[in-house]
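Protein chains: 2
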Amino acid sequence: MNGHFLSFFYYSPLSTDGGGVTVHAPATVANMVCGFDVLGFAVKEPYDEMHICFTGKPGITIINKDDYNLPTDPEKNVAGAALLAMMEEIDEPLGFELQIRKRIKPGSGVGSSAASAAGAVVAANHLLQNRFSREDLVRFAMNGEKLASGVKHADNIAPCIYGGVTLIRSIFPLDIVSLAAPPLYVTIVHPQIEVRTSDARGILKRQVQLKDAIRQWGNIAGLVAGLLKNDYDLIGRSLEDVLIEPVRSILIPGFDEVKSRSKAAGALGGGISGSGPSIFMLSKDETTAEGVKQEMHAVYERLGLEHHTYLTTINNEGVKLIKN
Amino acid sequence: MNGHFLSFFYYSPLSTDGGGVTVHAPATVANMVCGFDVLGFAVKEPYDEMHICFTGKPGITIINKDDYNLPTDPEKNVAGAALLAMMEEIDEPLGFELQIRKRIKPGSGVGSSAASAAGAVVAANHLLQNRFSREDLVRFAMNGEKLASGVKHADNIAPCIYGGVTLIRSIFPLDIVSLAAPPLYVTIVHPQIEVRTSDARGILKRQVQLKDAIRQWGNIAGLVAGLLKNDYDLIGRSLEDVLIEPVRSILIPGFDEVKSRSKAAGALGGGISGSGPSIFMLSKDETTAEGVKQEMHAVYERLGLEHHTYLTTINNEGVKLIKN
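These protein sequence lines are chains A and B, in that order. According to the numbering used here, the residues represented by the first sequence are 2 to 325, in order. According to the numbering used here, the residues represented by the second sequence are 2 to 325, in order.
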């Protein structure tokens, strides 16, 4: 089952009401191996499509234009939760109608909830003549993440809104740093198993060995330096996670084989995307990334696990306005 | 007692034998707040002066040209230990005479042992027509650190040899990354108390909270990004250590006051140099750094503790050949 994420959704564009704005909100890869909880990046595909417009009556109406049966109660929908947080800081009684066409499968580990939350607030902010800063928008959207996983994390939200690779230096107070990166090809495989973010978080030890933490921060320092210096070899050497991956990867069948075969095929490195089950690999060129995709496919064919693969690149724009 | 480190040593240059080489081996600041065990930088002053030449008979002769009464047995002297490690990889039975004039006070926390070890092997390598790489030299010099502190660490050795700010991404295998940095003024105060590296290491907890480790690697990623992006504000925000400093700073009287007064005087930030007792602060300009120096002086005057202060800049050369 090798193919695009939900490619059957390629049909008519959202909304024909003549008003409002449409955005594409990209998938994102959080954690980035050694950068647990602090690094993430946006990819070009897949992305969610969302349309927002003002309505006459105060409040939020959510219309799902896909088959995921996500909640339409704004307080139970991640996009709704993000919009509600934004509306708390607006003095006027506004009304929004939000149409969502998800193309990023919920629970796949590539920031599906972040795309909904981030897309909604970026789109609404366009309607509001950009009265809020990007950092404000991250703050609002984190309420969607809290609803989805119980934790206000920003390592999917920030790259979704800022684009590129982002560092969350600090979450309280929020400090987001955009990191330039050389061209990178991203291959993602999504084995169709369920890994709940809350389970993936619960499995982690709350204490770690200082020596392991030192190794981890040596790697994250190396990764940041590699990205900013366009040093592919250093990026590759730094893509090592001695703390989280050894614990979480046991939840993902085939993980070790995907990783070793991808690296043998020339990938710089990679690991669990977010809290999984998707696995991502970075490559310097498209041919290598294509080879990595074949290896991923072969592993899950052999295991008899339904899966999707994706070959894309880093998205430097973040949530994109399609029409106004 | 505000003044230069051992400024009374400013007299005739080492060696007048007409042969051999003389080097200046600079002091270094290891750990760099959040970069425990992985980041360090070299400073322009103080530095040790060393002279090496070949002798007729195999082995190492060490002559101390200062008043520290350091061991002259090569196996008990950090420079000797480094040279012995180098000689193990040379097939010929060579003889060296090494004269050392230390200007970096042993035990002050600014890489005195690293300067001896690094200076010795860099100087010897010049005599040997640079047959060894810089990475080899770091490897040899780490034997001096092992003798001094019981641990083969490279966060003083690497910046001493490479100059500038260095990242030790990994110690086994050794992976050293040079990090460009914007101009930075460095103010150091050395309160005249003894903090043994082994004690400073022993006091650390071997386990840390994952949430604290995450905060630490957010900061180190921010610091590396700040250095490479010439972003002084980001450097300042990232100079935070939630793991090591709270434990070790209790060994240094006046630490909290030095830090708060230095930051109030405009320093970007700073912390314990190496394992102490020296404290360093980074500033964007010389006037601020001079103000920081006055604050440091005032704190230790009030406490009645003998101390030395130093105002210098980052040294981008590392061990420097003076004459050949």
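Every residue, glycine too, gets a C-beta built ideally from N, C-alpha and C. For clarity, every value in this text was computed on a predicted model and none was experimentally measured.
Counting Cβ pairs, one atom from each stretch, are 3 or more of them under 8 angstroms apart for the segment 274-284 of chain B and the segment 111-128 of chain B? yes
So, helix, strand or coil for A:A1, using DSSP? Here chain A has residues from 2 to 325 only, and residue 1 of chain A is not among them.
Out of curiosity, what's the CA-to-CA distance linking A:V320 and A:E76? For this step, residue 320 of chain A is matched to residue 319 along the first sequence. For this step, residue 76 of chain A is matched to residue 75 along the first sequence. Going from the Cα of A:V320 to the Cα of A:E76 covers about 23 angstroms.
Compare the C-beta of A:H42 against all C-beta atoms of chain B and say whether one is closer than 9 angstroms. Here residue 42 of chain A corresponds to residue number 41 of the first sequence, with the count starting at 1. In the sequence as presented, His is not what sits at residue 42 of chain A; that position holds Phe. No, because no Cβ of chain B sits closer than 9 angstroms to the Cβ of A:F42.
Per-residue contacts from A:N220 into chain B (C-beta, under 7 angstroms): In the first sequence, counting from the first residue as 1, residue 220 of chain A sits at position 219. The contacting residues are R170.
Alpha carbon to alpha carbon, what distance is there between B:H191 and A:R249? Within the first sequence, residue 249 of chain A is the residue found at index 248, counting from 1. Within the second sequence, residue 191 of chain B is the residue found at index 190, counting from 1. Taking the straight line joining both Cα atoms gives about 45 angstroms.
CB-CB under 6 angstroms to A:I245, same chain, minus the five flanking residues each way: which ones, in chain order? Position 244 of the first sequence, counted from the start, is the residue given in the question as residue 245 of chain A. F37.
With 7 angstroms as the limit, tell me which residues of the segment 171-203 of chain A have their beta carbon closer than that to any beta carbon of chain B; keep them in chain order. S171, D176, V178 and L180
Quick one: does B:H308 have its CB under 9 angstroms from some CB of chain A? Position 307 of the second sequence, counted from the start, is the residue given in the question as residue 308 of chain B. It does not; no Cβ of chain A falls within 9 angstroms.
State the Cα-Cα distance for the pair B:L153 and B:T314, rounded to the nearest angstrom. By 1-based counting over the second sequence, the position of residue 153 of chain B is 152. By 1-based counting over the second sequence, the position of residue 314 of chain B is 313. Here residue 153 of chain B turns out to be Lys, not Leu, going by the sequence shown. When rounded, the distance between both Cα atoms is 27 angstroms.
Please report whether the beta-carbon of B:F281 lies at a distance below 9 angstroms from any beta-carbon of chain A. Reading the second sequence from its first residue, position 280 is the one you call residue 281 of chain B. B:F281 is outside the set of residues whose beta carbon lies under 9 angstroms from a beta carbon in chain A.
Determine the extent of the alpha helix (DSSP H) in which A:D38 is found, giving its start and end residues. Position 37 of the first sequence, counted from the first residue, corresponds to residue 38 of chain A. Run containing A:D38: none; DSSP gives neither H nor E here.
Report the rounded CA-to-CA distance for B:E307 versus A:D200, giving the unit in angstroms. In the second sequence, the residue the question calls residue 307 of chain B occupies position 306. In the first sequence, the residue the question calls residue 200 of chain A occupies position 199. Rounded to the nearest angstrom, the two C-alpha atoms are 56 angstroms apart.
Across which residues does DSSP place B:F281 in a beta bridge pair? Taking the second sequence and counting its residues from 1, one reaches residue 281 of chain B at position 280. BP columns for B:F281 point to B:I189 and B:G272.
So with Cβ pairs under 9 angstroms, would you call A:R207 a contact of chain B? Working through the first sequence from its first residue, we reach residue 207 of chain A at position 206. With 9 angstroms as the cut-off, A:R207 counts as an interface residue toward chain B.
When DSSP builds the beta bridges, which residues end up paired with B:I64? The count along the second sequence starts at 1 and reaches residue 64 of chain B at position 63. Looking at the DSSP assignment, B:I64 forms a beta bridge with B:Q100.
Mind pulling the chain B residues with CB within less than 7 angstroms of A:A226? Here residue 226 of chain A is taken as the residue at index 225 of the first sequence, counted from 1. Near A:A226 (Cβ distances below 7 angstroms), the residues of chain B are L168, V178, L180, V225 and L229.
By the DSSP assignment, the beta strand (DSSP E) with B:R170 in it spans what residues? Position 169 of the second sequence, counted from the start, is the residue given in the question as residue 170 of chain B. Segment V166 to S171, the beta strand (DSSP E) holding B:R170.
Could you tell me whether any Cβ in chain B is nearer than 9 angstroms to the Cβ of A:V39? For the purposes of this step, residue 39 of chain A is taken as residue 38 along the first sequence, with counting starting at 1. It does: the Cβ of A:V39 has a partner Cβ on chain B nearer than 9 angstroms.
State buried or exposed for B:D156, treating a residue as buried only when at least 16 other CB atoms are found within 10 Å of its CB. Position 155 of the second sequence holds residue 156 of chain B. That one is buried.
Spell out the partners DSSP gives B:I1 in its beta bridges. Nothing in the structure corresponds to residue 1 of chain B, since chain B is present only between 2 and 325.
For the 8 angstroms Cβ check, are there 3 or more pairs between the segment 253-272 of chain A and the segment 90-104 of chain A? no
Would B:K264 count as contacting chain A if we go by Cβ distances under 9 angstroms? The residue you call residue 264 of chain B lines up with position 263 of the second sequence. No, no contact with chain A.
Under 9 angstroms, Cβ to Cβ, is there at least one residue of chain A near B:K212? Residue 212 of chain B sits at position 211 when you count from the first residue of the second sequence. Closer than 9 angstroms: yes.
Exposed or buried, which one is A:L240 when buried takes at least 16 other CB atoms within 10 Å? Indexing the first sequence from 1 puts residue 240 of chain A at position 239. Label assigned to A:L240: buried.
Which whole-angstrom value describes the C-beta separation of A:L84 and B:Q208, a residue pair presumed to lie in contact below a C-beta threshold of 8 angstroms? Sequence index remark: in the first sequence, residue 84 of chain A carries index 83 (1-based). Sequence index remark: in the second sequence, residue 208 of chain B carries index 207 (1-based). A:L84 to B:Q208, Cβ: 42 angstroms. No contact.
Under 9 angstroms, Cβ to Cβ, is there at least one residue of chain B near A:I158? In the first sequence, counting from the first residue as 1, residue 158 of chain A sits at position 157. No, because no Cβ of chain B sits closer than 9 angstroms to the Cβ of A:I158.
Could you tell me the boundaries of the beta strand (DSSP E) in which A:V225 lies? Here the question's residue 225 of chain A lines up with position 224 in the first sequence. It is not in any beta strand (DSSP E) - A:V225 instead sits in the alpha helix (DSSP H) that spans L211 to L229.
Pair within 9 angstroms by beta-carbon distance, A:G329 and A:V166: Any question about residue 329 of chain A goes unanswered here, given that chain A covers just 2 to 325.
Please confirm if B:R216 has its CB atom under 9 angstroms from at least one CB of chain E. Among the chains of the structure shown, chain E does not appear; the protein chains present are A and B.
DSSP three-state label for A:V22, please. As a first step, residue 22 of chain A must be located in the first sequence, where it is residue number 21. Three-state DSSP puts A:V22 in a strand.
Given a cut-off of 9 angstroms, decide if A:K285 and A:Y163 are closer than it, judged by their beta-carbon atoms. In the first sequence, counting from the first residue as 1, residue 163 of chain A sits at position 162. In the first sequence, counting from the first residue as 1, residue 285 of chain A sits at position 284. No.
Proximity to A:S117 [Cα-Cα], best of A:L312, A:C161, A:N220 and A:M87: Taking the first residue of the first sequence as position 1, residue 117 of chain A is located at position 116. For A:S117, the nearest C-alpha among the options comes from A:C161.
Closest to A:I63 by C-alpha separation, out of A:A142, A:I253, A:R238 and A:A82, would be which residue? The sequence position of residue 63 of chain A within the first sequence is 62, counting from 1. Nearest of A:A142, A:I253, A:R238 and A:A82 to A:I63, Cα basis: A:A82.
Neighbouring residues, chain B, relative to A:R238 (Cβ below 8 angstroms): Looking up residue 238 of chain A in the first sequence gives position 237. Within 8 angstroms Cβ-Cβ: R170, S171 and D176.
Does the Cβ-Cβ distance between A:A142 and A:A124 come in under 9 angstroms? Against the first sequence, residue 142 of chain A aligns to sequence position 141. Against the first sequence, residue 124 of chain A aligns to sequence position 123. Result no, Cβ atoms of A:A142 and A:A124 do not sit closer than 9 angstroms.
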